[in-house]
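To convert a position in the sequence shown, counted from 1, into our numbering, add 155. Glycine residues also receive a C-beta, built at the ideal position from the N, C-alpha and C atoms. In this text the structure is predicted, and so the values were computed from the model without any measurement.
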Amino acid sequence: MTQRTLGLCGLVLFLAITPVHAVEYLTGLKWQEPPVVAPGAANSDPPADAIVLFDGKNFDEWKGADNWKIEDGTAVVGKGMITSKREFGDIQLHIEWAAPKEAKGQGQGRGNSGVHLMGRYEIQVLDSFNNKTYADGQAGAIYKQSPPMANATRPPGEWNTYDIFWTCPRYAEDGTLESPAYITAMHNGVLIHNHFPLLGDTPFNRPPRYDNFGPKGPISLQDHTNPVRYRNIWVREIKPAVPERVREPYLLDGNKERPIPTDQKPVSITGQVTINGQPLAGGSISFSPPVGGRTFSTTTNDRGEYTIEPTAGMSTSLYNVTIQSKEGTKTKLPAKVQKPTTTDLSVRTRAGTNEFDFELESK
Ligand code: MG
156 MTQRTLGLCG
166 LVLFLAITPV
176 HAVEYLTGLK
186 WQEPPVVAPG
196 AANSDPPADA
206 IVLFDGKNFD
216 EWKGADNWKI
226 EDGTAVVGKG
236 MITSKREFGD
246 IQLHIEWAAP
256 KEAKGQGQGR
266 GNSGVHLMGR
276 YEIQVLDSFN
286 NKTYADGQAG
296 AIYKQSPPMA
306 NATRPPGEWN
316 TYDIFWTCPR
326 YAEDGTLESP
336 AYITAMHNGV
346 LIHNHFPLLG
356 DTPFNRPPRY
366 DNFGPKGPIS
376 LQDHTNPVRY
386 RNIWVREIKP
396 AVPERVREPY
406 LLDGNKERPI
416 PTDQKPVSIT
426 GQVTINGQPL
436 AGGSISFSPP
446 VGGRTFSTTT
456 NDRGEYTIEP
466 TAGMSTSLYN
476 VTIQSKEGTK
486 TKLPAKVQKP
496 TTTDLSVRTR
506 AGTNEFDFEL
516 ESK
């Protein structure tokens with residue numbers, strides 16, 4: 156290409172990306188500058204803000220490790236589960252594991268261990284290289300709830316990595332579940348769970364359930380009598396960026412401000428909840444998609460009014476509505492509006508502000 160045509164291409168591109176009368180959308184949100192986090196030399200190395208739980212030297216960060224060994228910078232599973240001394244809420248966790256090189260046993264008996272998030276939600280560790288077992292019990296499974304989306308297990312003796320992105324369950328003040336735990340995870344760089352909502356904990360002998368054990372919990376590594384090895388364990392505590400609204404969103408056309416057309420506005424909900432004609436004060440109201448996904452919850456004020464802000468991230472979609480009264484009050488709501496599984500209330504949201512009043516009756 157000659158110098159002249161190059162110059163021409165450059166000019167055309169420049170015009171294409173900066174039209175003269177651009178209308179700009181401005182959010183009206185003020186964001187904190189994201190913190191600088193120096194990454195590790197490789198993606199498997201701990202970033203600057205990570206808490207290193209095991210670097211091959213000692214078990215200082217763990218309880219119960221008296222019968223575990225350190226060999227060649229790796230932690231070898233011994234008798235009993237080990238548990239991190241620190242407790243965590245929402246996290247990014249990196250952990251590496253290797254099943255014994257000599258593949259002994261079969262099914263659940265070969266290279267079995269497990270990473271227990273918050274001490275009770277297990278992502279399975281198992282030698283699943285040419286080793287058949289039940290799908291929701293193989294390597295990477297959320298034990299007895301979901302198989303991994305792929306089996307990316309390396310041969311026994313080789314190192315596997317799990318990169319886990321964990322959102323804790325959230326509970327309302329009265330202890331009822333507001334939103335489940337979610338897991339996204341990669342096994343050796345292969346996505347195995349994509350925002351999977353857990354059904355509860357993962358015991359062997361009963362169905363999953365949620366118990367409110369508080370907002371944080373430790374990480375535990377399972378002893379299933381197989382000498383699985385672990386190395387390079389680090390964790391980062393994570394929190395979503397939260398904006399401050401400094402004004403309503405708008406369009407800037409040249410230097411003229413214009414409001415956002417209604418059909419382009421983000422979804423928000425406002426309304427009032429009454430029970431037998433009286434405002435439901437201090438109650439909770441939740442909107443959940445019928446098939447998985449994020450639940451949006453808020454509380455009602457003294458007049459029974461509630462608002463889900465336009466910044467909350469709701470979609471134009473169908474939501475099941477659950478409503479509960481304030482803990483300790485005698486207001487009796489119809490049972491059928493109180494649980495996501497039994498509610499007969501649902502709403503369909505559209506762009507802009509949605510007004511939904513709920514007039515409940517109870518005897
Ligand atoms: Mg296990």
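Limits of the unbroken beta strand (DSSP E) element including S301:
Where S301 is concerned, there is no enclosing beta strand (DSSP E), because DSSP gives it neither an H nor an E.
Assess contact between the stretch 338-348 and the stretch 374-385, defined as three or more Cβ pairs (one per stretch) separated by less than 8 Å. Is contact present?
Counting C-beta pairs closer than 8 Å gives fewer than three between the stretch 338-348 and the stretch 374-385, which falls short of the contact rule.
Around the ligand MG, which residues pass a check of Cβ closer than 7 Å to any of its heavy atoms?
Residues whose Cβ lies closer than 7 Å to any heavy atom of the ligand MG, listed in chain order: N267, S268, G269, E277, Q279, V280, L281, Y298, Q377, H379.
In terms of alpha-carbon separation, which member of D245, G507, G274 lies closest to P416?
Ranked by how close their Cα comes to the Cα of P416, the residues D245, G507, G274 have G507 in first place.
Helix or strand or just coil, what does DSSP make of T417?
T417: helix per DSSP, three-state reduction.
Which value, in whole angstroms, describes the spacing of the CA atoms of P414 and V422?
Taking the straight line joining both Cα atoms gives about 16 Å.
Under the rule that 16 or more other beta-carbon atoms within 10 Å means buried, what is P194, buried or exposed?
With fewer than 16 Cβ atoms within 10 Å of its Cβ, P194 is classed as exposed.
Put L163 into one of helix, strand or coil per three-state DSSP.
At L163, the pLDDT of 49 sits below 50, so the modelled position is not reliable; the number obtained from the coordinates is stated separately. When DSSP states are grouped into helix, strand and coil, L163 belongs to the helix group.
Beta-carbon within less than 7 Å of F511's beta-carbon, same chain only, minus the 5 sequence neighbours each way: which residues are those?
The residues are I424, G426, V502.
I need the DSSP call for D408, collapsed to helix, strand or coil.
D408: strand per DSSP, three-state reduction.
Simplified DSSP assignment, three categories, for P434:
In this structure, P434 counts as strand in the three-state DSSP scheme.
Burial state of T380, where buried means 16 or more other Cβ atoms lie within 10 Å
With fewer than 16 Cβ atoms within 10 Å of its Cβ, T380 is classed as exposed.
Go ahead and pull the three-state DSSP assignment for A177.
Residue state, collapsed to three classes: coil.
In three-state terms, what does DSSP make of T157?
Residue placement at T157 is poorly supported in this model, since its pLDDT is 45, which falls under 50; the coordinates are not used for a value here.
DSSP state of P352, grouped into three classes?
P352: strand per DSSP, three-state reduction.
One question on the structure: do I347 and G295 come within less than 8 Å of each other, judged by their Cβ atoms?
Yes, Cβ-Cβ distance for I347 and G295 is below 8 Å.
T496 burial status per 10 Å Cβ neighbour count (16 or more: buried)
Residue burial annotation: T496 is exposed, with fewer than 16 other C-beta atoms found within 10 angstroms of its C-beta.
Would you report the Cα separation of V345 and T471, rounded to the nearest angstrom?
Distance between the alpha carbons of V345 and T471: 31 Å.
Grab me the residues of L161's own chain with a C-beta within less than 6 Å of its C-beta, minus the 5 sequence neighbours each way, in chain order.
Note that L161 has pLDDT 48, beneath the 50 cutoff, so the model's placement of it is unreliable and the number below is only indicative. Nothing meets the Cβ criterion.
Which residues in the same chain as S283 place their Cβ atom closer than 7 Å to its Cβ, once the five residues preceding and following it in sequence are excluded?
So the list reads Q293, A294, N306, T308, once near-sequence residues are dropped.
For T322, which beta-bridge partners are listed by DSSP?
Note: T322 sits in a beta bridge opposite Y337.
What is the DSSP secondary structure of K491, counted as helix, strand or coil?
The answer is helix: DSSP assigns K491 an H, G or I state.
Along the beta strand (DSSP E) that carries G269, what are the first and last residues, could you check?
Per DSSP, G269 belongs to the beta strand (DSSP E) from 268-272.
In the DSSP assignment, find the unbroken beta strand (DSSP E) run with A258 in it and report its ends.
Following the DSSP letters along the chain, one finds A258 in no beta strand (DSSP E), marked with neither H nor E.
Helix, strand or coil at G263 [DSSP, three-state]:
Note on identity: in this sequence residue 263 is Gln, with Gly being the wrong assignment. Here Q263 sits in helix by DSSP.
Completely contained alpha helix (DSSP H) runs for the stretch 362-401, where each covers 4 or more residues
Fully enclosed alpha helix (DSSP H) runs of 4 or longer: not present.
Alpha-carbon to alpha-carbon, Y317 and A196:
For the pair A196 and Y317, the Cα-to-Cα distance works out to about 18 Å.
Judging by CA-CA distance, which residue of M273, I278, G274 is the nearest neighbour of N267?
Taking only the C-alpha atoms, the option nearest N267 is I278.
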